[in-house]
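Numbering (my numbering), first residue to last: 211 to 372.
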């Protein structure tokens, strides 16, 4: 089986930019290419599926709908928490990003939506929830994964994680 295109079980190196509403939000420039193991959910599904079959040197513009990206914006994904439940020395301000453990002990991303008196309102939506994601991607390398990478389902060396 030749590994000359993006397919499940191949480590892909890609250069990319991400624009939302015409604004550059993320880019591989200055970090080197992002490596991911295709077919293992390492990157958002809408981008991965569009990259299948691409060859080294190929570039593509991909528009990812919210459902295939970071999800739709959830109007219910808010929680009011008494200020006293946060550490006293924590500087609470709007836009503060924090990690909150839910009842099941899972770490969840949240940010402070508003503070009214002793009540802090947390927003659990991903910052890009509900946004259409405009990627420009270019495949710059393909390689076989190591056994360890395959067993763990993600790339090990030198990659920066999002």
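Glycine residues also receive a C-beta, built at the ideal position from the N, C-alpha and C atoms. Predicted, not measured: the structure shown is a model, and the values here were computed from it.
- Per DSSP, cross-strand counterpart(s) of residue 225: Paired residue(s): 348.
- Using DSSP with H/G/I as helix, E/B as strand and the rest coil, what is residue 295? Reduced to three states, the DSSP call for residue 295 is helix.
- Message: Pairs of beta-carbons, one from the segment 221 to 233 and one from the segment 309 to 326, closer than 8 Å: are there three or more?
- Response: Between the segment 221 to 233 and the segment 309 to 326, the count of Cβ pairs shorter than 8 Å is below three; the stretches do not touch.
- Which value, in whole angstroms, describes the spacing of the CA atoms of residue 361 and residue 273? The C-alpha of residue 361 lies about 31 Å from the C-alpha of residue 273.
- Message: Between residue 216 and residue 261, how many whole angstroms is the CB-CB distance? I'm expecting something under 8 Å.
- Response: The distance from the Cβ of residue 216 to that of residue 261 is about 5 Å, consistent with a contact at the 8 Å cut-off.
- Query: So what's residue 215 in DSSP terms, helix, strand or just coil?
  - Reply: Coil, per DSSP.
- Task: Ignore the nearest five residues each way along the sequence and tell me which others in residue 372's own chain have a CB closer than 6 Å to its CB.
- Result: Because residue 372 carries a pLDDT of 43, less than 50, the predicted location of this residue cannot be relied on, and the following value inherits that uncertainty. Cβ neighbours of residue 372 beyond the five flanking positions: none.
- Pick helix, strand or coil for residue 274, following the three-state DSSP scheme. When DSSP states are grouped into helix, strand and coil, residue 274 belongs to the strand group.
- Task: Let me know if residue 376 comes out buried or exposed under the rule of 16 or more other beta-carbons within 10 Å of its beta-carbon.
- Result: Shown here, the chain extends from 211 to 372; a query on residue 376 therefore has no answer.
- For residue 355, I'd like the list of residues in its chain whose CB is within less than 8 Å of its CB, leaving aside the five on either flank, ordered along the chain. These residues qualify, in order along the chain: 219, 220, 221, 247, 365.
- To which residues of the same chain is residue 256 closer than 7 Å at the C-beta, ignoring the five residues directly before and after it? Correct list, in chain order: 274, 275, 278, 279.
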